[in-house]
Amino acid sequence: MLERMTDQPQPAADTGAPGPAPRAPRRGLDRTGPFALGDKVQLADAKNRLHTITLKPGGEFHSHRGVLRHDQLIGAEDGVVVENSHGIVYQALRPLYADYMLSMPRGAAIIYPKDSAQILMWGDIFPGARVLEAGVGSGGLTTALLRAVGPEGAVHSIERREDFAEVARENVETFFGGPHPSWELSVGDFQELAPTLSPGEPAVDRVVLDMLAPWECVDAAAEVLVSGGVYLAYVATVTQLSRTAEALRDHGEFTEPYAWESFVRPWHLEGLAVRPEHRMNAHTGFLLTARRTAHGTPALRRATRPAPGSRLEEELNHPDNEGFGGSEGEWGAQDLGERGVAPRKLKRALRDLRQGRDR
60 MLERMTDQPQ PAADTGAPGP APRAPRRGLD RTGPFALGDK VQLADAKNRL
110 HTITLKPGGE FHSHRGVLRH DQLIGAEDGV VVENSHGIVY QALRPLYADY
160 MLSMPRGAAI IYPKDSAQIL MWGDIFPGAR VLEAGVGSGG LTTALLRAVG
210 PEGAVHSIER REDFAEVARE NVETFFGGPH PSWELSVGDF QELAPTLSPG
260 EPAVDRVVLD MLAPWECVDA AAEVLVSGGV YLAYVATVTQ LSRTAEALRD
310 HGEFTEPYAW ESFVRPWHLE GLAVRPEHRM NAHTGFLLTA RRTAHGTPAL
360 RRATRPAPGS RLEEELNHPD NEGFGGSEGE WGAQDLGERG VAPRKLKRAL
410 RDLRQGRDR
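Residue numbers (the numbering used here): 60 to 418.
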């Protein structure tokens, strides 16, 4: 496997000039108990405006409404109420996983908590599972997978871009307080790296893909998945969804794919004013799952009554239907209207992670 890609910053040479402030010790978020140095703390004021800080020796949280010293929180119980220099009170809580996922510095877009929860349930990520993930992004889903498989399981993540992988590694290590013993991260193409995990025999229980063209990875996923294993893909558009479903059918050794999307509608709760919020988390992506049949066993095909014209060759090959029905065209990020991630955004994310700051 690859060597560690991000080394800890080296101490500055003694030149007589004051060096940078020492980096706070890393403390994992996945725990309870009193606050200690290196912990992340989420401060909420009376209007539920949130600020996340990392406790440092002699540190201070400044705002236009006063100063809160970190020493007021070190050793205090999780959930304590503290007051700053101007009398403004804050509720201090250790961030939950969902809080961290939404606030962590990032390069690539994240999978939102509502979709991570669906992936863990319908991907059937169990304690001790061996999971192969591709498209690590900023590490949000990786963190969820590692929590689910536990110390007896294993997650192997594959990312094509080294700069994305570096941000993901920092985010995962920030959450867990250091390198996770059950995680390996490789940089490269899924189709090339997956078959090398355990040549000639199935090596993983679950495959989770968050990438531009998951249909290109169906053959490699089928090779490494155990019989009965789960293939799960997260895609943004209906054309990606269609091509992936057709690729699974064409392979012949996956059960009929199942696809869905989820919406979360929060509610406003105040006295008699109980109503839906004006904003909601609507479409973020589609999830698609299929099961691996016993190796060498064709899948039982479901009897269907498709709409007239849904399988006509001339319709499938019509330019207006490019992307549907398993067409052969090449895809790029521009086909989805995706904007590239600027290098300065990745540098800023790494800087914020190493200085203990959140978005």
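Here a beta-carbon is modelled for each residue, glycine too, at the ideal position from N, C-alpha and C.
According to DSSP, is G199 helix, strand or coil? It is helical.
For L287, which residues in the same chain have their Cβ closer than 7 Å to its Cβ, ignoring the five residues on either side in sequence? Per the sequence presented here, residue 287 reads as Gly, with Leu not at that position. Here the set comprises R350, R351.
Can you tell which of T111, S122, V231 has the C-alpha that lies nearest to the C-alpha of A203? For A203, the nearest C-alpha among the options comes from V231.
Please report the distance separating the alpha-carbon of F249 from that of T201. Distance between the alpha carbons of F249 and T201: 16 Å.
DSSP beta-bridge partners of G125: DSSP lists S122 as partners of G125.
Supposed close pair P254, A279 - CB separation, criterion 8 Å: That belief holds up - the Cβ atoms of P254 and A279 are roughly 6 Å apart, short of 8 Å.
Measuring only from the beta carbon, is A318 closer than 6 Å to any heavy atom that is part of the ligand ATP? This structure does not include the ligand ATP; it has no bound ligands of any sort.
Across the stretch 133-146 and the stretch 86-95, are there enough close Cβ pairs to call them in contact, namely three or more that are closer than 8 Å? Here the stretch 133-146 makes contact with the stretch 86-95; the two share three or more CB pairs at distances below 8 Å.
DSSP three-state assignment for V140, whether helix, strand or coil: V140 falls in the strand class under three-state DSSP.
How about Q101 and T113: do their beta carbons lie closer than 7 Å? For Q101 and T113, no; Cβs fall outside 7 Å.
Can you check whether the C-beta of Y156 is within less than 7 Å of a C-beta belonging to chain D? Here there is only one protein chain, and chain D is not present.
Rounded to a whole number of angstroms, what is the C-alpha to C-alpha distance between L152 and S197? Computed Cα separation, rounded: 24 Å.
Give a yes or no on contact between the stretch 298-315 and the stretch 354-361, applying the rule of three or more CB pairs nearer than 8 Å. The stretch 298-315 is in contact with the stretch 354-361.
Residue nearest to T363 in terms of C-alpha spacing, selected from A207, E315, A408: Considering only alpha carbons, the answer is E315.
Residue environment, A408, which counts as buried when at least 16 other CB atoms sit within 10 Å: That one is buried.
Only counting the same chain, and skipping five residues up and downstream in sequence, which positions put a Cβ closer than 6 Å to that of Y317? The answer, listed in chain order, is T348.
Whose C-beta lies closer than 8 Å to the C-beta of V226 among residues of the same chain, with five residues either side of it excluded? Result list for V226: P164, R165, G166, A167, S197, G198, L405, A408, L409, L412, in chain order.
Is H327 helix, strand or coil by DSSP? In the three-state reduction of the DSSP assignment, H327 falls in the strand class, which pools E and B.
From this set, V283, M270, R265, S245, which residue's C-alpha is nearest L300's C-alpha? Here the closest residue by C-alpha is M270.
By a C-beta neighbour count over all protein chains shown, 10 Å radius and 16 as the cutoff for buried, is N107 buried or exposed? N107 comes out exposed.
From F322 to G182, what distance separates their C-alpha atoms? Inter-residue distance for F322 and G182 is about 18 Å (C-alpha atoms, whole angstroms).
Should W274 go down as buried or exposed, given a rule of 16 or more other Cβ atoms within 10 Å for buried? Classification of W274: buried, given that the 10 Å Cβ count is 16 or more.
Is the beta carbon of S216 less than 7 Å from the beta carbon of E251? Not a contact, by the Cβ cut-off of 7 Å.
What would DSSP say about S16, mapped onto helix, strand or coil? With the chain running from 60 to 418 in the structure shown, residue 16 is simply not present.
Determine, using beta carbons only, whether R206 and V263 come nearer to each other than 7 Å. No, these two residues do not count as a Cβ contact at 7 Å.
N-terminal and C-terminal residue of the beta strand (DSSP E) that V400 is part of: Per DSSP, V400 lies in no beta strand (DSSP E) segment and is marked neither H nor E.
DSSP state of H310, grouped into three classes? The answer is helix: DSSP assigns H310 an H, G or I state.
Coarse secondary structure for L152, derived from DSSP in three states: For L152, the secondary structure class from DSSP, reduced to helix, strand or coil, is strand.
Please specify which runs of the alpha helix (DSSP H), each continuous and at least 4 residues long, are wholly inside the stretch 188-253, giving them in chain order. Counting only unbroken stretches of 4 or more residues, the alpha helix (DSSP H) elements lying wholly within the stretch 188-253 are 199-208, 221-235, 249-252, in sequence order.
For M180, is the classification buried or exposed, using 16 other Cβ atoms within 10 angstroms of its Cβ as the cut-off for buried? Looking at its Cβ environment, which holds fewer than 16 other Cβ atoms inside 10 Å, M180 is exposed.
Alpha carbon to alpha carbon, how far is Y149 from F257? Give it in angstroms, no decimals. A small fix is needed here, since residue 257 is Ser in this sequence, not Phe. Looking at the two C-alpha atoms, the distance is approximately 52 Å.
Does P81 pass the burial test, meaning 16 or more other C-beta atoms within 10 Å, or should it be called exposed? The predicted model places P81 with a pLDDT of 47, which falls under 50 and marks its position as unreliable; any figure quoted below should be read in that light. Taking every protein chain shown into account, the CB of P81 has fewer than 16 other CB atoms within 10 angstroms, so this residue is exposed.
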